[in-house]
Amino acid sequence: MVIPDFVLNAPLAMQVTPADWPGGYWWHWLFFTIIIIAFVLIMVMGVIYIERRGMGRMQSRLGPNRTGPFGLLQPVADAIKVLLKENIVPATADKVVHWLAPIIAFSPVLMIFAVIPFQNGALLADLNIGILYIIAVSSVATVGVFMAGWGSSNKYSLLGAMRNVAAIVSYEIPLALTIVGVIIFSGSLSMNQIVVAQDIPYILVQPLGFLLFFIAASAEINRSPFDLMEADSELTAGFHTEYSGMKFAMFYLVEYAEAIAMSAIITTLFLSGWRGPFLPPWLWFLIKTLVVFFVMVWTRTTLPRVRIDQLMALAWKFLFPLALVNLFITAIEVIFWPDISQWIFVGVNIVIAALLVILWSKLFKIGWGRLEV
Amino acid sequence: MLADYGLIGLFFVVAILFSLVMVIIPIALRYLKIIPSNPNPIKESIFECGMETTGKTWVQFNFHYYFYALVFLALDVLVVFLYPWAVQLKQLGPFGLYVVLILVFIVFVGYIYAWKKKALEWK
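From first to last, the protein sequence lines are chains A and B. Take the first sequence: its position 69, counting from 1, is numbered 69 in this note's numbering, and each next residue is one higher. Take the second sequence: its position 101, counting from 1, is numbered 474 in this note's numbering, and each next residue is one higher.
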């Protein structure tokens with residue numbers, strides 16, 4: 001497929017610069033607003049297809065294959081079906097909270113994409129506190145989820161929402177701590193600068209950081225094996241039990257948009273974002289994001305769901321101490337050996353990561369069905 | 374820099390409007406008789422495993438959640454303090470590292486205490 005030259009150069013032409021004249025500023029804003037919303041919607045459809053087909057293959061079945069060629073139109077058919085469903089609100093529900101919840105859950109997820117670089121300088125706003133902004137904004141979606149659980153006046157919903165808040169509170173800390181390790185190497189909080197600074201992908205320089213971030217990110221966005229807040233066997237559907245029609249679709253959208261956002265953040269922080277040989281940068285970004293998402297699907301089909309006490313123990317007793325150790329090992333390396341090649345750190349850090357994970361897991365023992373240290 | 378935040382602010386308005394429109398479309402379609410709307414008491418009752426739900430739903434939180442919230446608060450403030458230090462790490466040098474180690478050690482003692490008091494166990 002031949003991609004026209006102006007398409008390849010379009011994001012570069014719209015680089016983030018101080019607005020010299022109002023027209024440039026507004027065009028930049030309009031261009032990236034449309035790009036981001038289109039990107040999120042199309043990618044959500046794409047990843048739903050990938051997840052259902054991929055999971056089907058992994059579970060020795062076919063997956064959706066009736067709508068369109070290879071079942072490619074299945075997400076479109078689902079979207080139309082769900083749009084035409086009757087909207088049912090329980091009589092005893094807190095109506096205002098019930099209606100507001102999907103809006104409050106969805107808009108912060110869209111906001112995350114504002115600072116993710118699709119290509120060098122091709123992002124809505126190159127904030128110099130980019131990654132801090134992401135941590136701040138992504139936490140707001142939890143409020144929407146809790147509102148959904150509370151407003152439904154259903155006991156399963158409330159339990160699911162409470163579990164969700166507890167889990168997100170626990171996994172926020174290892175998530176934020178592992179990012180500090182990346183910042184130490186890059187020396188900047190701006191998402192674009194982090195990519196520019198990555199001559200070696202940080203997955204190699206920070207192997208332990210990547211592992212901890214991936215686990216914490218999967219828990220933050222409620223992916224299985226950590227999807228206790230919507231564990232079907234215990235809580236029917238968790239916080240969205242009482243939702244139907246378009247409002248249910250919005251929670252579905254939030255779930256997958258968050259998964260894409262987290263894949264994009266992992267790509268940017270650890271897999272050197274849009275950088276890569278031969279192919280155009282935005283294509284590299286897309287490929288890496290989809291690969292990270294595929295690994296999430298893979299973990300989902302491989303691992304069984306954990307129990308709630310195991311979930312909390314993993315965050316507080318495994319991820320947090322290791323994240324702290326990882327942070328200080330990184331800081332010591334950067335301060336005391338600032339000039340040697342980063343490739344030496346790659347070897348040393350992989351050995352350290354393997355040793356720490358193995359030794360720390362030895363401390364855990366499983367007794368009477370409980371995980372203890 | 375302020376111009377960048379202007380972009381973010383404008384995008385925030387669009388994000389809210391976009392989500393609002395997605396919620397409003399089904400209401401509009403209901404008035405056009407495309408989406409059915411036949412409510413009845415059974416349909417509008419709360420789902421609960423085939424039985425009617427008893428007792429209050431909006432109960433108070435288990436006190437145990439507050440332990441997590443308290444530990445989270447202390448550690449999260451610590452993490453926020455680490456961000457500016459991490460950006461300037463190379464300029465600050467070893468002295469900055471020792472200071473941060475002392476700060477983390479103080480909070481870490483509290484973390485060990487919470488662990489020993491079994492505040493981190495889920496019951």
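Where a beta carbon is used, it is the ideal one built from N, C-alpha and C, also for glycine.
The segment 237-251 of chain A: which residues have C-beta closer than 7 Å to a C-beta of chain B, in chain order?
Flagged, chain order: Thr241, Glu242, Gly245, Met246, Lys247 and Met250.
Residues near Val480 (chain B) in its chain [Cβ-Cβ closer than 8 Å; skip 5 each side]:
Sequence index remark: in the second sequence, residue 480 (chain B) carries index 107 (1-based). Ala447, Leu448 and Leu451, listed in sequence order.
Give a yes or no on whether the C-beta atoms belonging to Ile203 (chain A) and Phe270 (chain A) are separated by under 7 Å.
What you label residue 203 (chain A) is simply residue 203 of the first sequence in a count that begins at 1. What you label residue 270 (chain A) is simply residue 270 of the first sequence in a count that begins at 1. Taking 7 Å as the Cβ cut-off, Ile203 (chain A) and Phe270 (chain A) qualify as a contacting pair.
Do Leu390 (chain B) and Ala125 (chain A) have their C-beta atoms closer together than 7 Å?
Sequence index remark: in the second sequence, residue 390 (chain B) carries index 17 (1-based). Sequence index remark: in the first sequence, residue 125 (chain A) carries index 125 (1-based). Cβ distance not < 7 Å, so Leu390 (chain B) and Ala125 (chain A) don't count as in contact.
Closer than 7 Å between beta carbons: that is the criterion. Which residues of the segment 436-449 of chain B meet it against chain A?
Within the segment 436-449 of chain B, the residues whose Cβ lies closer than 7 Å to some Cβ of chain A are Tyr438, Tyr441, Ala442, Phe445, Leu448 and Asp449, listed in chain order.
DSSP on Ser138 (chain A), reduced to helix/strand/coil?
Position 138 of the first sequence, counted from the first residue, corresponds to residue 138 (chain A). Secondary structure at Ser138 (chain A): helix, using DSSP grouped into helix, strand and coil.
Tell me the residue span of the alpha helix (DSSP H) that contains Lys247 (chain A).
Numbered from its first residue, the first sequence carries residue 247 (chain A) at position 247. For Lys247 (chain A), the uninterrupted alpha helix (DSSP H) segment begins and ends at Gly245 to Phe270.
Against chain B: residues of the segment 195-210 of chain A by CB proximity under 9 Å:
Of all residues in the segment 195-210 of chain A, none places a beta-carbon less than 9 Å from a beta-carbon of chain B.
Answer yes or no: does any C-beta atom of chain A fall closer than 7 Å to that of Lys416 (chain B)?
Translated into the one-based positions of the second sequence, residue 416 (chain B) becomes position 43. Closer than 7 Å: yes.
Identify the continuous alpha helix (DSSP H) that holds Leu127 (chain A) and give its terminal residues.
Indexing the first sequence from 1 puts residue 127 (chain A) at position 127. From DSSP, Leu127 (chain A) is part of no alpha helix (DSSP H); its letter is neither H nor E.
With 16 as the cutoff for other CB atoms within 10 Å, does Gln198 (chain A) come out buried or exposed?
For the purposes of this step, residue 198 (chain A) is taken as the residue at position 198 of the first sequence. Gln198 (chain A) should be labelled buried.
So that I know if they touch, is there some Cβ in chain B lying closer than 7 Å to that of Ser190 (chain A)?
For this step, residue 190 (chain A) is matched to residue 190 along the first sequence. Closer than 7 Å: no.
What residue does the alpha helix (DSSP H) around Val295 (chain A) start on, and which one ends it?
By 1-based counting over the first sequence, the position of residue 295 (chain A) is 295. Here the alpha helix (DSSP H) through Val295 (chain A) covers Pro281 to Thr302.
Just to make sure I have the definition right: I need the residues of chain B whose C-beta is within less than 7 Å of the C-beta of Thr92 (chain A). Which are they?
Here residue 92 (chain A) is taken as the residue at index 92 of the first sequence, counted from 1. Correct list: Ile419.
Got a sec, what are the start and stop residues for the alpha helix (DSSP H) Glu230 (chain A) sits in?
As a working mapping, residue 230 (chain A) is identified with position 230 in the first sequence. No alpha helix (DSSP H) contains Glu230 (chain A), which DSSP labels as neither H nor E.
Using the C-alpha atoms, what's the distance from Asn120 (chain A) back to Ala38 (chain A)?
Translated into the one-based positions of the first sequence, residue 38 (chain A) becomes position 38. Translated into the one-based positions of the first sequence, residue 120 (chain A) becomes position 120. For Ala38 (chain A) and Asn120 (chain A), the distance between alpha carbons rounds to 20 Å.
On the DSSP letters alone, give me the boundaries of the alpha helix (DSSP H) that His240 (chain A) sits inside.
Residue numbering aside, residue 240 (chain A) sits at position 240 when the first sequence is read from its first letter. His240 (chain A): not part of any alpha helix (DSSP H); DSSP gives it neither H nor E.
Cross-chain neighbours of Gly187 (chain A) in chain B, by beta carbon under 7 Å
Against the first sequence, residue 187 (chain A) aligns to sequence position 187. Contacts between Gly187 (chain A) and chain B, judged by CB atoms closer than 7 Å, involve Val460 and Lys463 in chain order.
Sequence-distant residues of the same chain with beta carbon closer than 6 Å to Phe330 (chain A), five excluded per side:
Position 330 of the first sequence, counted from the start, is the residue given in the question as residue 330 (chain A). Per the sequence shown, the amino acid found at residue 330 (chain A) is Thr instead of Phe. If we look at Thr330 (chain A) and ignore the five residues flanking it on each side, its Cβ neighbours are Gly181 and Ile184.
Residues of chain B with a CB under 8 Å from the CB of Asp462 (chain A): which are they?
The structure shown does not extend to residue 462 (chain A), since chain A is modelled only from 1 to 373, so the question has no answer here.
Since Pro207 (chain A) contacts Val306 (chain A) with CB under 8 Å, what's their CB separation in whole angstroms?
Counting from 1 along the first sequence, the entry for residue 207 (chain A) is found at position 207. Counting from 1 along the first sequence, the entry for residue 306 (chain A) is found at position 306. Taking a contact as a CB-CB distance under 8 Å, the pair Pro207 (chain A) and Val306 (chain A) does not count as one, their CB atoms being some 23 Å apart.
State yes or no: is the C-beta of Leu84 (chain A) nearer than 6 Å to some heavy atom of the ligand SAH?
This structure lacks the ligand SAH, and indeed carries no ligand of any kind.
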